[in-house]
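S.K.: Here's a structure for you.
Residue numbers (this note's numbering): 8 to 377.
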């Protein structure tokens, strides 16, 4: 199968009859583009092959066996993705240099990662371009990669206001079907949608013979559990929507680096992340740090680090197709990739011990009958 990269201006070869460039969505003239996007939509692009090089390098199946990387179906689709992916939020085009970005992608690729996530809004479009340039420079075979990007963060154009949710969702499903039918992507999914909204999209697709979403990108970590553990499992079993989870370390909180305050080089020290700093220094933040100290004892018992334990804990969920890692240096990424070896150690007893410390295990209606 051929592969493509969607949404960087040098990577997407749209048909001549295609809609206007989606980066210019503030104008009312881009009605079809603007109305066809609700919150954030994830695209999984695997077509065009615009970066195919005469001497391309392929990610061999043996790579996964050598590194221990596991591959899972994206939801109940036929697309196989590495259970750990590399995200570019904050880092690419912002917190790190292009050289470090290339180092991170190379480490990930050589360790069997085939899923790379970005978005048009990350670093005002720079993240997409940097990721595309690295793929082109490294001459990696595009068919060995799964690139996910996201469209639209909201807008104030007339066409983006006053529409009913049902109307907006129908237009999104029609737009994504158009994108796939025109070879710009192979699959589409949602990001930060509610279970009800995803179900509506699925119903629209069935009603009008369109293409439904295959995954939801959702925040999931030790301190954020309800949606992924309570709402999304039903969607996975009923309509096959899988989860690509992000922020497994809660924006760095779970690494333990904020135990004694805010380090200068940390994400929470950035001006645009004042909300994160306030969260860490709040009463709830201090309680979380106390729980992390207790979890460190479990990590030591399993001969792993706290971040590795937290990532492996996310992977234990059957509905999670892949966990996106967001790291700013090679050492962090190498450590996080080691979570693969920790996964078999997360037994039912270990999971129970973690739940006792956290005290936040969601309870379904069935639990209350016992």
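Note that beta-carbon positions come from the ideal geometry of N, C-alpha and C, so glycine has one too.
With 16 as the cutoff for other CB atoms within 10 Å, does residue 41 come out buried or exposed?
M.R.: In the chain shown, counting from the first residue as 1, residue 41 sits at position 34. Because residue 41 carries a pLDDT of 38, less than 50, the predicted location of this residue cannot be relied on, and the following value inherits that uncertainty. Buried: at least 16 other Cβ atoms inside 10 Å.
S.K.: Find the nearest neighbour of residue 126 within the set 303, 357, 156, 302, judged by alpha-carbon distance.
M.R.: Against the chain shown, residue 126 aligns to sequence position 119. Among 303, 357, 156, 302, the Cα nearest to that of residue 126 is on 156.
S.K.: Under 7 Å Cβ to Cβ from residue 184, same chain only, skipping five residues before and after it: list those, please.
M.R.: To locate residue 184, count along the chain shown from 1; it is residue 177. Excluding residues within five positions, the ones whose Cβ falls inside 7 Å are 217, 218.
S.K.: If you run the structure through DSSP and keep just helix, strand and coil, what is residue 158?
M.R.: If you number the chain shown from 1, residue 158 lands on position 151. Strand.
S.K.: Select from 247, 207, 75 the residue whose C-alpha is nearest the C-alpha of residue 174.
M.R.: Position 167 of the chain shown, counting from 1, holds the residue named residue 174. Comparing Cα positions, the closest option is 207.
S.K.: Quick one: give me the first and last residue of the alpha helix (DSSP H) that residue 138 is part of.
M.R.: Along the chain shown, read from residue 1 onward, the residue named residue 138 stands at position 131. That run of the alpha helix (DSSP H) goes 133–145.
S.K.: Of the choices 299, 222, 210, whose alpha-carbon is the least far from that of residue 200?
M.R.: As a working mapping, residue 200 is identified with position 193 in the chain shown. For residue 200, the nearest C-alpha among the options comes from 222.
S.K.: Restricting to runs no shorter than 3 residues, where is the beta strand (DSSP E) found entirely within the region 79–137?
M.R.: Counting whole runs of 3 or more residues, the region 79–137 contains the beta strand (DSSP E) stretches 87–89, 91–94, 122–124.
S.K.: Per the contact definition of three or more C-beta pairs closer than 8 Å, is the region 276–283 in contact with the region 334–353?
M.R.: With a cut-off of 8 Å, the region 276–283 and the region 334–353 do not count as touching, because too few Cβ pairs lie within range.
S.K.: Could you give the residue range of the alpha helix (DSSP H) that holds residue 346?
M.R.: For this step, residue 346 is matched to residue 339 along the chain shown. Taken as a continuous stretch (DSSP letters only), the alpha helix (DSSP H) holding residue 346 covers 346–349.
S.K.: Rank 95, 134, 153 by C-alpha distance to the C-alpha of residue 85 and give the top, closest one.
M.R.: Locating residue 85 in the chain shown gives position 78, counting from the first residue. The residue with the shortest Cα to Cα distance from residue 85 is 153.
S.K.: Under 8 Å, with one C-beta from each stretch per pair, do the region 282–297 and the region 114–126 reach the 3-pair mark?
M.R.: The answer is no - the region 114–126 does not touch the region 282–297, with fewer than three Cβ pairs under 8 Å.
S.K.: Does the beta-carbon distance from residue 89 to residue 121 come in below 8 Å?
M.R.: Along the chain shown, one-based indexing puts residue 89 at 82. Along the chain shown, one-based indexing puts residue 121 at 114. Yes, the Cβ-Cβ distance between residue 89 and residue 121 is below 8 Å.
S.K.: Could you compute how far the alpha carbon of residue 145 sits from the alpha carbon of residue 331?
M.R.: By 1-based counting over the chain shown, the position of residue 145 is 138. By 1-based counting over the chain shown, the position of residue 331 is 324. Each residue's Cα considered, the two are about 21 Å apart.
S.K.: With distances taken from CA atoms, which of 231, 292, 264, 244 is nearest residue 320?
M.R.: Working through the chain shown from its first residue, we reach residue 320 at position 313. Out of 231, 292, 264, 244, 231 has the C-alpha closest to the C-alpha of residue 320.
S.K.: Would you say the beta carbon of residue 212 comes nearer than 7 Å to a heavy atom of the ligand GTP?
M.R.: In the structure on display, the ligand GTP does not appear, and there are no ligands present to speak of.
S.K.: What residues are listed by DSSP as bridge partners for residue 211?
M.R.: For the purposes of this step, residue 211 is taken as residue 204 along the chain shown, with counting starting at 1. Answer by DSSP bridge pairing: none, since residue 211 is not bridged.
S.K.: Below 8 Å on the Cβ atoms is my contact criterion, and I expect residue 192 with residue 226 to pass it. Report the Cβ-Cβ distance as a whole number of Å.
M.R.: Counting from 1 along the chain shown, the entry for residue 192 is found at position 185. Counting from 1 along the chain shown, the entry for residue 226 is found at position 219. Residue 192 to residue 226, Cβ: 23 Å. No contact.
S.K.: Take residue 250 as the anchor and find which of 77, 78, 82, 318 has the nearest alpha-carbon.
M.R.: Taking the first residue of the chain shown as 1, we reach residue 250 at position 243. Out of 77, 78, 82, 318, 82 has the C-alpha closest to the C-alpha of residue 250.
S.K.: Which value, in whole angstroms, describes the spacing of the CA atoms of residue 213 and residue 360?
M.R.: As a first step, residue 213 is located in the chain shown; it is residue number 206 there, counting from the start. As a first step, residue 360 is located in the chain shown; it is residue number 353 there, counting from the start. Rounded to the nearest angstrom, the two C-alpha atoms are 43 Å apart.
S.K.: For residue 92, count the other beta carbons within 10 Å of its own beta carbon; 16 or more makes it buried, fewer makes it exposed. Which is it?
M.R.: The count along the chain shown starts at 1 and reaches residue 92 at position 85. Looking at its Cβ environment, which holds 16 or more other Cβ atoms inside 10 Å, residue 92 is buried.
S.K.: Select from 79, 369, 75, 362 the residue whose C-alpha is nearest the C-alpha of residue 235.
M.R.: What you label residue 235 is simply residue 228 of the chain shown in a count that begins at 1. Closest option to residue 235, Cα to Cα, is 369.
S.K.: Take the Cβ of residue 124 as the centre, count every other Cβ of all protein chains shown within 10 Å, and call the residue buried at 16 or more, exposed below.
M.R.: Counted from its first residue, the chain shown places residue 124 at position 117. Answer is buried; the Cβ neighbour count reaches 16.
S.K.: Beta-carbon separation of residue 313 and residue 349 under 8 Å?
M.R.: Here residue 313 corresponds to residue number 306 of the chain shown, with the count starting at 1. Here residue 349 corresponds to residue number 342 of the chain shown, with the count starting at 1. No, the Cβ-Cβ distance between residue 313 and residue 349 is not below 8 Å.
S.K.: CB-CB under 7 Å to residue 30, same chain, minus the five flanking residues each way: which ones, in chain order?
M.R.: Counted from its first residue, the chain shown places residue 30 at position 23. Unreliable positioning characterises residue 30 in this predicted model, as indicated by a pLDDT of 37, which lies under 50. The coordinate reading is nonetheless provided below. 127, 132, listed in sequence order.
S.K.: Please classify residue 343 as buried or exposed, where buried requires at least 16 other C-beta atoms within 10 Å of its C-beta.
M.R.: Position 336 of the chain shown, counting from 1, holds the residue named residue 343. Buried, since its Cβ has 16 or more Cβ neighbours within 10 Å.
S.K.: Should residue 37 go down as buried or exposed, given a rule of 16 or more other Cβ atoms within 10 Å for buried?
M.R.: Along the chain shown, read from residue 1 onward, the residue named residue 37 stands at position 30. Legend: pLDDT at residue 37 = 41, less than 50; position of this residue unreliable, value from coordinates given subsequently. Buried, by the Cβ-count rule.
S.K.: So which of 268, 274, 220 has the shortest CA-CA distance to residue 289?
M.R.: Counting from 1 along the chain shown, the entry for residue 289 is found at position 282. The candidate whose alpha carbon is nearest that of residue 289 is 268.
S.K.: Which partner residues does residue 231 have in the DSSP bridge list?
M.R.: Locating residue 231 in the chain shown gives position 224, counting from the first residue. Note: residue 231 sits in a beta bridge opposite 228.
S.K.: Kindly indicate if chain B contains any beta-carbon less than 8 Å away from that of residue 242.
M.R.: Of the chains in the structure shown, none is chain B; there is only one protein chain.
S.K.: Let's test the definition: count the other Cβ atoms within 10 Å of the Cβ of residue 329 and tell me whether it reaches 16, buried, or not, exposed.
M.R.: The sequence position of residue 329 within the chain shown is 322, counting from 1. Residue 329 should be labelled buried.
S.K.: Go to residue 359, then tell me how far its alpha helix (DSSP H) extends in each direction, as first and last residue.
M.R.: Counting from one through the chain shown, the residue named residue 359 turns up at place 352. Where residue 359 is concerned, the enclosing alpha helix (DSSP H) stretches over 355–365.
S.K.: The alpha helix (DSSP H) that contains residue 313, what's its start and end?
M.R.: Locating residue 313 in the chain shown gives position 306, where the first residue counts as 1. Where residue 313 is concerned, the enclosing alpha helix (DSSP H) stretches over 313–322.
S.K.: What is the DSSP secondary structure of residue 251, counted as helix, strand or coil?
M.R.: Start at 1 with the first residue of the chain shown, and residue 251 comes out as number 244. Here residue 251 sits in strand by DSSP.
S.K.: Mark residue 295 as exposed unless 16 or more other C-beta atoms lie within 10 angstroms of its C-beta, in which case mark it buried.
M.R.: Counting from one through the chain shown, the residue named residue 295 turns up at place 288. Looking at its Cβ environment, which holds 16 or more other Cβ atoms inside 10 Å, residue 295 is buried.
S.K.: Suppose contacts are defined by Cβ-Cβ distances below 8 Å. Is residue 334 in contact with residue 158 by that definition?
M.R.: To locate residue 334, count along the chain shown from 1; it is residue 327. To locate residue 158, count along the chain shown from 1; it is residue 151. Cβ distance not < 8 Å, so residue 334 and residue 158 don't count as in contact.
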